[in-house]
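Colleague: Residue numbers (our numbering), protein chains in the order written: chain A, 3 to 49; chain B, 6 to 230; chain C, -15 to 221.
1) What does residue 217(C) reach in chain A if we use C-beta pairs closer than 8 Å?
2) Taking the Cβ atom as the reference point for each residue, do residue 114(B) and residue 220(B) lie within a distance shorter than 8 Å?
3) Return yes when the Cβ of residue 181(B) is within less than 8 Å of the Cβ of residue 124(C), no when it is not.
4) Spatial neighbours of residue 225(B) within its chain, please: C-beta separation below 7 Å, excluding the five flanking residues on both sides.
5) To the nearest angstrom, how far is it from the Cα of residue 198(C) to the Cα of residue 189(C)?
6) What does residue 30(C) pair with, by DSSP beta-bridge criteria?
7) Using a C-beta to C-beta distance shorter than 8 Å, which residues of chain C count as neighbours of residue 223(B)?
8) Which residue wins for smallest C-alpha separation from residue 152(C), given the options 80(B), 208(B), 222(B)?
9) Assuming the contact rule is C-beta atoms closer than 8 Å, residue 153(B) and residue 75(B) should be a hit. Round their C-beta distance to whole Å, please.
10) Please list, in chain order, the chain A residues whose beta carbon lies closer than 8 Å to that of residue 93(C).
11) Quick one: measure Cβ to Cβ for residue 185(B) and residue 210(B), integer angstroms, because I've assumed they're closer than 8 Å.
12) Going by beta carbon distance, what residues of the same chain come within less than 7 Å of residue 82(C), once the five residues before and after it are set aside?
13) Considering only residues of the same chain and omitting the five flanking positions on each side of residue 163(B), which have a CB-CB separation below 7 Å?
14) If I'm right that residue 57(B) touches residue 38(B) with Cβ under 8 Å, what's the distance once you round it to whole angstroms?
15) Verify the CB distance criterion: does residue 77(C) have a CB-CB separation below 8 Å to chain A?
16) Please work out which residues of its chain come closer than 6 Å, Cβ to Cβ, to residue 17(B), disregarding the five sequence neighbours upstream and downstream, and give them in chain order.
17) Kindly confirm or deny that the region 40 to 53 of chain C and the region 81 to 99 of chain C touch, where touching means at least three C-beta pairs closer than 8 Å.
18) From the DSSP output, in three-state form, read off residue 129(B) for me.
19) By the 10 Å Cβ neighbour count, where 16 or more other Cβ atoms means buried, how is residue 111(B) classified, buried or exposed?
20) For residue 96(C) and residue 24(A), which I take to be in contact (beta-carbon distance under 8 Å), what is that distance rounded to the nearest angstrom?
21) Is the Cβ-Cβ distance between residue 118(B) and residue 72(B) less than 8 Å?
22) Would you mind stating whether residue 223(B) and residue 159(B) have Cβ atoms separated by less than 8 Å?
23) So that I know if they touch, is there some Cβ in chain C lying closer than 8 Å to that of residue 145(B)?
24) For the region 126 to 188 of chain C, list the alpha helix (DSSP H) runs that are entirely contained and at least 4 residues long, ordered along the chain.
25) Say whether the region 74 to 81 of chain C touches the region 204 to 216 of chain C, bearing in mind that this needs 3 or more beta-carbon pairs closer than 8 Å, one atom from each stretch.
26) Residues of the region 27 to 45 of chain A in Cβ contact with chain C at a cutoff of 8 Å, in chain order, please.
27) Identify the continuous alpha helix (DSSP H) that holds residue 49(A) and give its terminal residues.
28) State yes or no: is the beta carbon of residue 129(C) nearer than 8 Å to at least one beta carbon in chain A?
29) Alpha helix (DSSP H) containing residue 77(C): first to last residue?
30) Does the beta carbon of residue 53(C) sit closer than 8 Å to a beta carbon anywhere in chain A?
31) Report back the beta-carbon spacing between residue 63(B) and residue 138(B) to the nearest angstrom; my notes put them in contact at under 8 Å.
32) What residues in the region 35 to 47 of chain C have a beta carbon less than 8 Å from any beta carbon of chain A?
33) Taking buried to mean at least 16 other C-beta atoms within 10 Å of its own C-beta, is residue 69(B) buried or exposed?
34) Within the same chain, show all residues whose beta-carbon is closer than 8 Å to that of residue 121(B), passing over the 5 residues directly before and after it, in chain order.
35) Within the region 146 to 228 of chain B, note down every full alpha helix (DSSP H) run reaching 4 residues or more, in order along the chain.
36) Closest Cβ-Cβ distance between residue 59(B) and chain C: below 8 Å?
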């Protein structure tokens, strides 16, 4: 794998970082919401 | 057709009367149109060559925004005081009622804006033919603005703060109207026929024909809840 | 023809099917991501674009997903209006933020690609402009969902909006291309990915699709459970 980006590195890396943050953020948010509702349901069903 | 014409006419004249009153949209739209036409040169500079170049587009955008101002009350006012329920009971179909309202809206905003546009074209130094092209494009295109706007108004009629969402929904849908409308002015200015008139007319025709059906569907969905 | 689809309209069946599928889908997504990144970074620099072609591997899939997700919303909206399908309502609502995110990503990565290619952060290119307009459509759609209190009413009304948008999108795209030819001449942006770049792009595209499906299924499952929570809370005061 070749990581030599010159001279466009300043554009390529931000693009990948932004994408990673956005998609990763979406994934984390989705998983957190899922876990939250599962916990809430479990708590309610226990009552 | 006769049993439908009287209710259609009654609704149309009633809406027109309401729009001319104090809380109505007619005067507001004209004032807004003129104000924007005044503000843009103040922001952009007094170079008449530049203003003439952008004038068609700027005035088209200003006209669309001005027409938008009174749209959120198109169905909402009647929804709130119960008139909308009465309208559904009339022999006129809901589609016919929507068509009457759209026509009234155009007569109270689109048409006056079109008639004022030559005066504002002077502010931008538009040539005679360009002024004519702008007025013609507004005459053809503002019915589409009222029609598409009515769709947005019918979707948001039950929202208290619907007025903020309405432009967000309607403006993207009006992109073709702005492009083709301003394109008509550009055609005259550059001397190259670009087909804008035909495209705008087609868009307007399609919008005005289809919108009453969509608006009626949205009104029914809102009333059913 | 759609019998099999309606069999999974039953939320319980949907939960069990999606529950078994998800781990595999996640696994496939991770694999395709790793493979795509490896292939992309191993590819030689493009003759014209140099290494900026790497951006296309994350820009084009995002842009394609932006329109694909809208298509999914349109289909879900049709089912919502015609069949009054509960799952269709939920599916349409949950897809929207994902589509908006893809659209925004397409715009940002497109801008970062455009700066070294054309010298400007933004170009009034028909493809970028259409994507921008689509972003506003997503915003309006989500805003409308959030503004209407009754969930079923919101579903129907937003379905109408989605369909109106769908009819309008080809017209908007056409008008923007027409506008572009009027003011600038031919479109400069050519996202032509051929040769050694075809496979990295396809694998990344696969990753984006799998990721969307995983996130979408998970969000629908979350929404179904949220319904159950609400019902339980209403039942026991």
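Built from N, CA and C at the ideal position, the CB exists for glycine as well.
Just so it is clear, the structure is predicted and the values come from calculations on it, not from any experiment.
Modeller: Taking the definition as stated:
1) 46
2) no
3) no
4) 99
5) 14 Å
6) 34(C)
7) 141, 144
8) 208(B)
9) So it is not a contact: roughly 14 Å between Cβ atoms.
10) 17, 20, 21
11) Going by Cβ atoms, the distance from residue 185(B) to residue 210(B) rounds to 12 Å, so no, they are not a contact pair.
12) 53, 196, 199, 200
13) 84, 227
14) Going by Cβ atoms, the distance from residue 57(B) to residue 38(B) rounds to 18 Å, so no, they are not a contact pair.
15) no
16) 105, 108, 109
17) yes
18) coil
19) buried
20) Actually they are not in contact, since the Cβ atoms of residue 96(C) and residue 24(A) sit about 13 Å apart, beyond 8 Å.
21) yes
22) yes
23) no
24) 135 to 167
25) yes
26) 28, 29, 32, 33, 35, 36, 39, 40, 42, 43
27) It is not in any alpha helix (DSSP H) - residue 49(A) carries neither H nor E in the DSSP assignment.
28) no
29) 70 to 102
30) no
31) That belief does not hold up - the Cβ atoms of residue 63(B) and residue 138(B) are roughly 14 Å apart, past 8 Å.
32) 35, 36, 38, 39, 42, 43, 46
33) buried
34) 35, 38, 39
35) 167 to 178, 180 to 195
36) no
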